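Okay, so the sequence shown: first residue is 2 according to my numbering, each after it adds one.
For each residue, glycine too, the CB sits at the ideal point set by N, CA and C.
This one's a predicted model, so the numbers in the text were calculated from it and none came from an experiment.
Shown next, in structure tokens, is the structure this report addresses.
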Amino acid sequence: MNNKKLLNIQYLRGIAAFMVCGFHTKGWLDNTITSNFGEMLFPSGEYGVQFFFVISGFIMVYTTQNLNIENPFKNVVSFLKKRIIRISPLYTALTLAWFFLFIYPLYSINYVSCIKIIKSLLFIPFGNLPILYLGWTLNFEMFFYLVFALCFFFKKYRYWALCLFFVIQITLHHLSFDHSYIKLIASPIISYFFVGVLIGLLLNSFKIFAVHPYLRILGFIILLLIQLEIFKIPNFYLQMIIIGICCFIIFAYDLQAEDKVIKPLYFLGNISFSLYLFHPFVHKFLMAYLNLKPGFLENPVYNLLFYIFMLSIIFGFSYLLHQFFEKKIIQYLRF
2 MNNKKLLNIQ
12 YLRGIAAFMV
22 CGFHTKGWLD
32 NTITSNFGEM
42 LFPSGEYGVQ
52 FFFVISGFIM
62 VYTTQNLNIE
72 NPFKNVVSFL
82 KKRIIRISPL
92 YTALTLAWFF
102 LFIYPLYSIN
112 YVSCIKIIKS
122 LLFIPFGNLP
132 ILYLGWTLNF
142 EMFFYLVFAL
152 CFFFKKYRYW
162 ALCLFFVIQI
172 TLHHLSFDHS
182 YIKLIASPII
192 SYFFVGVLIG
202 LLLNSFKIFA
212 VHPYLRILGF
222 IILLLIQLEI
232 FKIPNFYLQM
242 IIIGICCFII
252 FAYDLQAEDK
262 VIKPLYFLGN
272 ISFSLYLFHP
282 FVHKFLMAYL
292 NLKPGFLENP
302 VYNLLFYIFM
312 LSIIFGFSYL
322 LHQFFEKKII
332 QYLRF
């Protein structure tokens, strides 16, 4: 695989972030076009998370393909440093902001809340959701990065070591545990990371047939139908396979073709991490500080216009966070 701009993966990342944003704000869409329009458009947020995890698995293979495997300790330190710099600064800032804006005014700081803050910032599960509740997905991300990094010690056998962990993970899934971290390890959603890894290994090892642009579009359409639950797949593993095939087609096309940039989708992809973490602040602020509730306007058109206005605020602040915090601090820490 050659290093190049992966535009369609960037688009999918942006779409996934928007799907999660839409799911968490869907109540504001009700009583607009129809009484349950939000539920119709965003019936579930889990698919956006699954797409994120597949992308993460693939990108880890893609970005580490040229590592010098003879220096595993250096690789582990460098890899984890890059991932922590990519995720922790923005997550830490927004977690603390969430705590002081929406939790501290209602509850005093005590030992329990301090422990929860520390565990949240260190990506340690503790039974409940992290302080900034979207952080539950980052707990999975950071755990996967840790496992992926430790596999560097196995050098050329690192993917065999990763496969062994996957077997252990599936085994744990069929057992019962009370410990929060073991529950995280045993969660079936981790399988989506390994789907991404498998796609990366296949595309790295074999010459894949040329993917027609229309086939790539079909992949996106199927993923959209799954998100809308028009295409319902009752079996978890069958759903994972179908999502994996669609992502395989999209990723393969990205490696083969040069496309013109679709600016709105590219914009979404660029701000996806900031959008993902920031969007709850806006509707939470509206409810907690302005005492506004979804559907507070009697006119459906006004409710729809208000939702569009709210989205524009979310996108605007997400862009500012991405440009002036996320990018700047990553550049500074990687210097």
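Backbone secondary structure at residue i - three-state DSSP
i, result
"Phe124", "coil"
"Asn76", "helix"
"Asn271", "helix"
"Asn111", "coil"
"Asn205", "helix"
"Asn9", "helix"
"Asn129", "strand"
"Asn140", "helix"
"Arg84", "helix"
"Val1", "Coverage of the chain is limited to positions 2 through 336, which leaves residue 1 absent and any answer about it impossible."
"Thr64", "helix"
"Thr26", "coil"
"Gly39", "helix"
Proximity winner among the options, relative to residue i (alpha-carbon distances)
i, options, result
"Phe237", "Ile70, Leu293, Pro189", "Pro189"
"Phe141", "Tyr160, Asp260, Val55", "Val55"
"Val62", "Gln240, Phe194, Asn300", "Phe194"
"Leu202", "Gly28, Leu163, Pro126", "Leu163"
"Leu321", "Leu91, Gly58, Arg87", "Leu91"
"Phe268", "Gly23, Ser121, Gly317, Phe124", "Gly317"
"Ile246", "Phe38, Cys22, Phe59", "Phe59"
"Phe19", "Asn300, His175, Ser273, Ile331", "Ser273"
"Gly39", "Asn69, Phe232, Lys27, Gln240", "Lys27"
"Ile223", "Gln11, Cys22, Ile251", "Ile251"
"Asn304", "Leu133, Leu13, Asp31, Cys22", "Asp31"
"Ile116", "Phe101, Leu107, Pro106, Ile132", "Ile132"
Limits of the unbroken alpha helix (DSSP H) element including residue i
i, result
"Phe252", "237-257"
"Glu71", "Run containing Glu71: none; DSSP gives neither H nor E here."
"Leu133", "Element bounds for Leu133: n/a, residue is neither H nor E."
"Phe153", "Run containing Phe153: none; DSSP gives neither H nor E here."
"Phe1", "Summary: the structure shown does not reach residue 1, with the chain confined to residues 2 through 336, and so no result is reported for it."
"Pro214", "214-228"
"Arg159", "159-174"
Rounded straight-line distance, which links the Cα of residue j to that of residue i
i, j, result
"Gln324", "Ser177", "44 Å"
"Gln170", "Phe297", "46 Å"
"His280", "Ser313", "11 Å"
"Phe167", "Val148", "10 Å"
"Ser45", "Leu229", "8 Å"
"Leu165", "Leu204", "21 Å"
"Asn111", "Glu71", "48 Å"
"Thr64", "Arg87", "14 Å"
"Leu151", "Phe310", "45 Å"
"Gln332", "Ser57", "21 Å"
"Phe145", "Gly270", "22 Å"
"Ile263", "Pro214", "14 Å"
"Ser192", "Tyr254", "23 Å"
"Gly128", "Ser181", "5 Å"
"Cys248", "Glu47", "16 Å"
"Phe103", "Thr93", "15 Å"
"Phe53", "Ile118", "25 Å"
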